[in-house]
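Chemist: Here it is: the structure, laid out below.
In UniProt numbering, the protein residues as written are 1 to 891.
Shown next as structure tokens:
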């Protein structure tokens, strides 16, 4: 029946539409009713025909439902015009304006007071109370309630306590989120077997519990049904109506920015939960570790480490982990399933946290300290000076050493990834492969026993310690023995001219380091060097088939050959090739012994005396590492020192500048050598054709780019810097009757920095106009495909005219017009010093007044709407008006 009535209805609607079009019958597109005096029809968009007209009430209801303000068919924006009372005056009375301003001012003051209370509560009350409550928990039993009250409201060290309390709250929040995520990871990985039980022990456990198999099965079936019912009940549990609470609780309501005082309850709960967190996760482990250390008389040794509280807490966590393991095993033996699972979950979470603390905290700290001890000759330091620095600033010393160790671990891991791409699959079998799709460090921490993690950690320590000893300590000893003038490296020398120091810092940060990081040839050059080294050493020792894969054996690896394994790995596991280089999240896990690799192990021919050849290979690796380290420590810094001496005429420079400049020159020379080497097999005619093509394309494009850079970062940058110097810097730096002595080089340098900031701001947050489009086009096309004429017309020329007028007009007024008016030279000098900051102040005043005028206009419109607005009326579409607006916009 429905299939028969559908065509009839459609045919009737079609006939009705045709009839309405023939008789010019107007009907609403929503309710299909005609126009009346109370409900007129409007045509607010581009739609025609039977959907041209609509009632205003129908449209507003539809807009509320769809939450849009445009037509869904023609995308034309609906327009409404306000309808005011006929008695509304043209100009609002002063009384109404004054009352409206007073109400707005009162509302602003109330809002300001409320926001001040919110900020004071969250940034002062909560951190201060949390810090002092946490501190009082460790004062001992002799700490009475009146002592706590006095400490809570004391006025000393408020700023430091707020910083500590805010740090503690953020740490507690991060720990809470991490524990939730860790629990999900453990549940995703499966939680069936008891923790720390090997397969043989698991089989024994099952055989020992064989008589209870039927009972366990029955209990498991009943428990499974109860758990399923419990899961359903938990999913349908609406006692607190969490969805409704989640919809109502927004960030503004949580922090109190919605105007209500509900946030005071949230403040109380944050302080209470932070106190509970400290009691459970800090105070309890601390006292466990304190009692253990007191029982074994090791408290004095912990106090000598300057971090006795942290070490005691970590010791308490280790003891609690051991107790959880024993209780978990006891519950498993007594068949207490619920306690067994709960204690197992707690033990696994504590185990993962402690392993992460050791591998991410202790291991990089060890690498940083060992690297520092092995590189003491670099800055002519001694172990006593390092210990003195640690005693003077222990937190800073630990952070710097941890950061250096972490950077070393990550760069070493990236080097191992390059080795895997070049060498035969299976050579580095003893190193963990982080490119393995099955590699999941959290699951390994959960599944593997503690003994295995201890072995891996010791293996990592041994590998990294030997690597630092070979690549850092031995080269420094050789340099001190044969090239003592190279060391030590000079630090920051304050006797240098300040503008030279600033120049080299900006050159390093803005030119050298971005160029080195953006150049992708460094990776390819390093892969070619590794391949050549493997080829030469393999031929000398007869281990070519062992070191290199068979497709690379016998020819220089091209880019396609080097990346063949990457393409296969990406195609097999369905991952992006770019993601294979970004897996450095667990860097030193790749150096842990054990585990399977997803890459296929390629067989090789084992030559005679293979064991002695491997020993010789290890010796060659040590010698090669020392040689490369010697080259890296001496050649770039020597070249940089010579270059700095030629530029400045002095020898005392910050070695970071000399090393960076020398490294940049070495990279450029290596790149030039590789490009020249690629042209050697070609004949003269091919070289001439390539040179002609290079001159006609690349050289012309780079000349355009140089012209654009000189225009923008040369002329415009100097004008920008000089204008800022005259308007802001000179009035603040020079006394009233003093004379400014500008450094033109410094002005240009700061102007170039300002121009770069202006360029970034224009691209990111600038208005949508032609200057922004010019910078976006330059960023998108690059120097090779840039449109010089468009960039000069839309970006350089407007800025040149603006800065030129701002510099020339005041100067012309002071030194050309004022002498005609009878001003002497001294008055001209004073006016010349004050006209630029005065012009800048006038500009700021004009911006402030324009902003205030806009606010007052909006406030008057709001007053008018509150008192005289009757409603809004839908505006009909005027094709001629919109065409005129569109044509004016195009022009």
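Beta carbons: idealized from backbone N, C-alpha and C, even for Gly.
1) Do you know how far the Cα of residue 180 is from the Cα of residue 173?
2) Would residue 637 and residue 619 qualify as a contact pair, given that the criterion is a beta-carbon distance under 8 Å?
3) May I ask you to report which of helix, strand or coil DSSP gives residue 77?
4) Short check: CB of residue 148 to CB of residue 136, under 8 Å?
5) Whose C-beta lies closer than 8 Å to the C-beta of residue 487 among residues of the same chain, with five residues either side of it excluded?
6) Could you give the first and the last residue of the continuous beta strand (DSSP E) run that contains residue 649?
7) Please classify residue 610: is it buried, with 16 or more other beta-carbons within 10 angstroms of its beta-carbon, or exposed?
8) When the Cα atoms are used, what is the spatial distance from residue 539 to residue 532?
9) Residue 525: which of 546, 457, 408 and 675 sits nearest, CA to CA?
10) As an exercise, report each continuous alpha helix (DSSP H) stretch of at least 4 residues that is fully enclosed by the stretch 800–869, in chain order.
11) Inspect the CB distances between the stretch 357–377 and the stretch 391–403 and report whether three or more fall short of 8 Å.
12) When you compare only the Cα positions, how much space is there between residue 250 and residue 258?
13) Mind the definition here: the stretch 688–708 touches the stretch 718–735 only if three or more C-beta pairs lie below 8 Å; say whether that holds.
14) Ordered along the chain, which non-local residues of its own chain (more than five positions away) have a Cβ less than 7 Å from that of residue 347?
15) Quick one: Cα of residue 50 to Cα of residue 861, how far?
16) In angstroms with no decimal places, state the Cα-to-Cα distance between residue 235 and residue 186.
17) Does the stretch 158–175 come close enough to the stretch 115–135 to have 3 or more Cβ pairs within less than 8 Å?
18) Secondary structure at residue 489, three-state DSSP: helix, strand or coil?
19) Candidates 829, 807 and 305: which alpha carbon is nearest residue 739's?
20) In the DSSP assignment, find the alpha helix (DSSP H) that holds residue 383 and state where it starts and stops.
21) Tell me which residue opens and which closes the alpha helix (DSSP H) that residue 710 is part of.
22) Apart from the five residues on each side of it in sequence, which residues of its chain come closer than 7 Å, Cβ to Cβ, to residue 311?
23) Name the residue from 469, 118, 457 and 702 whose alpha carbon lies nearest to the alpha carbon of residue 898.
24) Any idea what DSSP makes of residue 355, helix, strand or coil?
25) I think residue 354 touches residue 318, with their Cβ atoms under 8 Å apart; what is that distance to the nearest whole Å?
26) Look up residue 56 in the DSSP assignment and give the residues it is bridged to.
27) Is it buried or exposed for residue 874, if we count other Cβ within 10 angstroms and need 16 for buried?
28) By the three-class DSSP mapping on this structure, what secondary structure does residue 283 have?
29) Please go through the stretch 132–175 and give each complete alpha helix (DSSP H) segment of 4 or more residues, from N-terminal end onward.
30) Measuring alpha carbon to alpha carbon, tell me which residue in 260, 672, 491 and 261 is nearest residue 656.
31) Pick helix, strand or coil for residue 735, following the three-state DSSP scheme.
32) Residue 496 to residue 744, Cα distance in whole Å?
33) Grouping DSSP H, G and I as helix and E and B as strand, with all else coil, what is residue 874?
34) Between the stretch 288–297 and the stretch 266–276, are three or more C-beta pairs nearer than 8 Å?
35) What's the gap between the Cα of residue 613 and the Cα of residue 605?
36) Give me, in chain order, the residues of the same chain whose beta-carbon lies closer than 6 Å to that of residue 546; leave out the 5 immediate sequence neighbours on both sides.
Modeler: Working from what's here:
1) 11 Å
2) no
3) strand
4) yes
5) 377, 378, 380, 476, 479 and 480
6) No beta strand (DSSP E) contains residue 649, which DSSP labels as neither H nor E.
7) exposed
8) 11 Å
9) 675
10) 825–868
11) yes
12) 9 Å
13) no
14) 195, 321, 324, 325 and 328
15) 38 Å
16) Caution is warranted here: a pLDDT of 40 is assigned to residue 235, below 50, making its placement in the model unreliable, and no coordinate value can be reported.
17) yes
18) coil
19) 829
20) 383–392
21) 700–710
22) 302 and 305
23) With the chain covering 1 to 891 only, the question about residue 898 has no answer from this structure.
24) helix
25) 7 Å
26) Answer is none; residue 56 lacks a bridge partner.
27) buried
28) helix
29) 145–152
30) 491
31) coil
32) A caution first: residue 496 carries a pLDDT of 45, below 50, which makes its placement in the model too unreliable to give a value.
33) strand
34) no
35) 13 Å
36) 604
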